[in-house]
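Asks: Residue numbers (this note's numbering): -5 to 410.
Beta carbons: idealized from backbone N, C-alpha and C, even for Gly.
In this text the structure is predicted, and so the values were computed from the model without any measurement.
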Ligand SMILES: *Cc1c(COP(=O)(O)O)cnc(C)c1O
Ligand SMILES: [Zn+2]
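#1: Is residue 178 helix, strand or coil when you go by DSSP?
#2: Using 8 Å as the Cβ pair cut-off and three pairs as the minimum, do the stretch 121 to 137 and the stretch 148 to 162 touch?
#3: Tell me the start and end of each unbroken beta strand (DSSP E) in the stretch 91 to 132 that is at least 3 residues and wholly inside, in chain order.
#4: By alpha-carbon positions, which one of 62, 11, 101 ends up nearest to residue 117?
#5: Considering just the uninterrupted stretch of the alpha helix (DSSP H) at residue 214, what are its terminal residues?
#6: Do residue 411 and residue 304 have their C-beta atoms within less than 8 Å of each other?
#7: Is residue 8 close to ligand 2? I mean its beta-carbon at under 7 Å from any heavy atom of the ligand.
#8: With hydrogens ignored, establish whether the beta-carbon of residue 24 is closer than 7 Å to any heavy atom of ligand 2.
#9: Given 7 Å as the limit, tell me if residue 352 has its C-beta closer than that to any heavy atom belonging to ligand 1.
#10: Determine, using beta carbons only, whether residue 99 comes closer than 8 Å to chain B.
#11: In chain order, what residues of the same chain lie with their CB nearer than 7 Å to the CB of residue 185, ignoring the 5 residues before and after it?
#12: Is residue 372 helix, strand or coil by DSSP?
#13: Got a sec: does ligand 2 put a non-hydrogen atom nearer than 7 Å to the Cβ of residue 272?
#14: Determine, using beta-carbon pairs with one atom in the stretch 175 to 185 and one in the stretch 72 to 91, whether at least three such pairs fall under 8 Å.
#15: With three or more C-beta pairs closer than 8 Å as the rule, is the stretch 280 to 291 touching the stretch 250 to 262?
#16: Is residue 145 closer than 8 Å to residue 175 when the C-beta atoms are compared?
#17: Using the Cα positions of residue 330 and residue 277, report the straight-line distance between them to the nearest angstrom.
#18: Any heavy atom of ligand 1 closer than 7 Å to the CB of residue 222?
#19: Counting pairs of beta carbons, one from the stretch 312 to 329 and one from the stretch 233 to 251, are three or more of them closer than 8 Å?
#20: My understanding is that residue 134 touches residue 159, with C-beta atoms under 8 Å, so please give their C-beta distance in whole angstroms.
#21: Following the continuous beta strand (DSSP E) through residue 88, name the residue where it begins and the one where it ends.
#22: Indicate, with yes or no, if ligand 2 has a heavy atom lying under 7 Å from the CB of residue 5.
#23: How is the alpha helix (DSSP H) around residue 196 delimited, first residue to last?
#24: Could you check the C-alpha separation between residue 120 and residue 398 for me, to the nearest Å?
#25: The beta strand (DSSP E) with residue 239 in it runs from where to where?
#26: Confirm the yes/no value for this check: CB of residue 29, any heavy atom of ligand 2, distance under 7 Å.
#27: From the DSSP output, which residues share a beta bridge with residue 163?
#28: Skipping 5 residues on each side, what residues in its chain have a beta carbon closer than 8 Å to that of residue 201?
#29: With three or more C-beta pairs closer than 8 Å as the rule, is the stretch 358 to 378 touching the stretch 305 to 315?
#30: Roughly how many whole angstroms lie between the Cα atoms of residue 437 and residue 21?
#31: Hey, quick one: how far does the beta strand (DSSP E) through residue 270 stretch, first residue to last?
#32: Considering only DSSP beta bridges, list what residue 150 is partnered with.
#33: Which residues bound the beta strand (DSSP E) around residue 327?
#34: Mind checking who residue 9 pairs with in its DSSP beta bridge?
#35: Among 97, 294, 189, whose alpha-carbon lies nearest the alpha-carbon of residue 430?
#36: Taking the Cβ atom as the reference point for each residue, do residue 221 and residue 269 lie within a distance shorter than 8 Å?
Structure representation (structure tokens):
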């Protein structure tokens, strides 16, 4: 059996046989999806297989050390040689009284994807995309990025020994993300334009120059990002929560989460599907605007928000994200930058910490609780997508900082 399943257009079903043509279907322009063999095991037997890999203290290999490859049967058909992994995906589900109080939801926890190797969930998709890129002999890998994709791509490409080129909107990426991208040795092009310009350029360059496109349009990225949901369900002992909240920018995660949930129910891993709550920043909310009119039309906006990771006005995974919202009876909403920063500060005070875009999920839960869409006794998981240190300048300086003489008395005065 080949390790590489086939790739098909999600709109017209056309087989995409060129492993480098990942930006879209050549017949209709639709997004592409991996169609792998369903695993032989189902239901309890499949849950047991996944659980045994997580629990085994003496286990080795990517299926034991990676929280992505643990779910290998839902990613690829067989073990490929040379999986490119940095031990991604083993992220905690954390409960906190402060977040309970802030959101008004008694049973809320956060899934901290900021604790991945490069500090964001992007590593979950990148381990799969770069494994695929190496399998098909890519000479170079390329992405457009608001900073986290480029950090992740740079790290995984460096680990695999493949040169990386990244397109970044000039002056719009936080210093933490720039530092990572450059340290891992990616060739970094600072584009005079915004993320949407970079994305358009990356798609065109991938098609014309046959560079391997590592954005979330890449169906292998989506395969990897499905495991955020699988991992989360496993941590809930396969009892689906009522809601899963996530920040939404380019809509790759929204697409991946819906697909994972539909698959998990088909395979008998769960018996019901939680509702997705997609949260955008008010200044970058084309998907929320379209949702409000029943997705009557696709919207595009000029994006502006403090949450740079979701500062996206023309999301790439639009159609498949619509499918996710419909399949999960999902809700799309938008919150102000003030609400995002208030949630971020609260998450910091809880000792957890995340970057601004991530806090949108918690801000969205609070807003939906206030509007009565989410009930106090609903079980909710909010996904935190990126680490606090990604964007140190945006982190609320909440603690008291004092300049003091080097004396014990100054410490005494500072003790509460
Ligand atoms: C990429 C990213 C997002 C947006 O995810 P999409 O899949 O593009 O919607 C949100 N938060 C962080 C921290 C990110 O890096
Ligand atoms: Zn097509």
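Replies: Result, derived from the coordinates:
#1: Taking the first residue of the chain shown as 1, we reach residue 178 at position 184. Coil.
#2: The stretch 121 to 137, when compared against the stretch 148 to 162, does touch it at the 8 Å Cβ threshold.
#3: Taken in chain order, the unbroken stretches of beta strand (DSSP E) that lie wholly in the stretch 91 to 132 and span 3 residues or more are 101 to 106.
#4: Locating residue 117 in the chain shown gives position 123, counting from the first residue. Nearest Cα to residue 117 within the set 62, 11, 101: 62.
#5: Start at 1 with the first residue of the chain shown, and residue 214 comes out as number 220. Counting along the chain, the alpha helix (DSSP H) containing residue 214 begins and ends at 213 to 229.
#6: Since the first residue shown for the chain is -5 and the last is 410, residue 411 is missing from the structure and cannot be characterised.
#7: Here residue 8 refers to the residue found at position 14 when the chain shown is read from its first residue. For ligand 2, at least one heavy atom lies less than 7 Å from the Cβ of residue 8.
#8: Residue 24 sits at position 30 when you count from the first residue of the chain shown. Ligand 2 approaches residue 24 closely enough that one of its heavy atoms is under 7 Å from the residue's Cβ.
#9: Against the chain shown, residue 352 aligns to sequence position 358. Ligand 1 has a heavy atom closer than 7 Å to the beta-carbon of residue 352.
#10: Reference to chain B is not applicable here, since this structure consists of a single protein chain.
#11: Stepping through the chain shown from its first residue, residue 185 is reached at position 191. Once the five neighbours on either side are set aside, the close Cβ partners of residue 185 are 161, 162, 163, 164, 191, 192, 195.
#12: For the purposes of this step, residue 372 is taken as the residue at position 378 of the chain shown. In this structure, residue 372 counts as coil in the three-state DSSP scheme.
#13: Here residue 272 refers to the residue found at position 278 when the chain shown is read from its first residue. It does not: the Cβ of residue 272 is nowhere closer than 7 Å to a heavy atom of ligand 2.
#14: With a cut-off of 8 Å, the stretch 72 to 91 and the stretch 175 to 185 do not count as touching, because too few Cβ pairs lie within range.
#15: Output reads no: the stretch 280 to 291 does not touch the stretch 250 to 262.
#16: To locate residue 175, count along the chain shown from 1; it is residue 181. To locate residue 145, count along the chain shown from 1; it is residue 151. In contact: residue 175 and residue 145 (Cβ atoms closer than 8 Å).
#17: Within the chain shown, the letter at position 336 stands for residue 330. Within the chain shown, the letter at position 283 stands for residue 277. Going by C-alpha positions, residue 330 is about 8 Å away from residue 277.
#18: Here residue 222 is taken as the residue at index 228 of the chain shown, counted from 1. Distance from the C-beta of residue 222 to the nearest heavy atom of ligand 1 is not below 7 Å.
#19: Contact between the stretch 312 to 329 and the stretch 233 to 251 is present, with at least three C-beta pairs closer than 8 Å.
#20: For the purposes of this step, residue 134 is taken as residue 140 along the chain shown, with counting starting at 1. For the purposes of this step, residue 159 is taken as residue 165 along the chain shown, with counting starting at 1. About 6 Å separates the two Cβ atoms, so the contact holds.
#21: In the chain shown, counting from the first residue as 1, residue 88 sits at position 94. Note, residue 88: beta strand (DSSP E), 87 to 89.
#22: Taking the first residue of the chain shown as position 1, residue 5 is located at position 11. Yes, Cβ of residue 5 sits closer than 7 Å to a heavy atom of ligand 2.
#23: Residue mapping note: residue 196 aligns to position 202 of the chain shown, counting from 1. Where residue 196 is concerned, the enclosing alpha helix (DSSP H) stretches over 189 to 203.
#24: The residue given as residue 120 occupies position 126 in the chain shown. The residue given as residue 398 occupies position 404 in the chain shown. Near 46 Å, if we compare the C-alpha coordinates of residue 398 and residue 120.
#25: By 1-based counting over the chain shown, the position of residue 239 is 245. Unbroken beta strand (DSSP E) run through residue 239: 237 to 241.
#26: In the chain shown, residue 29 corresponds to position 35, counting from 1. Ligand 2 never approaches residue 29 closely enough for any of its heavy atoms to be under 7 Å from the residue's Cβ.
#27: Translated into positions along the chain shown, residue 163 becomes position 169. Beta-bridge pairing links residue 163 to 185.
#28: By one-based count along the chain shown, residue 201 stands at place 207. Excluding positions up to five away in sequence, the list reads 15, 17.
#29: Contact fails: fewer than three Cβ-Cβ distances are below 8 Å.
#30: No information on residue 437 is available, as it lies outside the stretch -5 to 410 that the chain covers here.
#31: Locating residue 270 in the chain shown gives position 276, counting from the first residue. Boundaries of the beta strand (DSSP E) around residue 270: 269 to 275.
#32: To locate residue 150, count along the chain shown from 1; it is residue 156. Assignment of beta-bridge partners to residue 150 by DSSP yields no partner.
#33: Position 333 of the chain shown holds residue 327. Residue 327 -> beta strand (DSSP E) spans 325 to 329.
#34: As a first step, residue 9 is located in the chain shown; it is residue number 15 there, counting from the start. Partner(s): 2.
#35: What the structure shows of the chain is the stretch from -5 to 410, and residue 430 is not part of that stretch, so it cannot be assessed.
#36: Your numbering for residue 221 matches position 227 in the chain shown. Your numbering for residue 269 matches position 275 in the chain shown. Result no, Cβ atoms of residue 221 and residue 269 do not sit closer than 8 Å.
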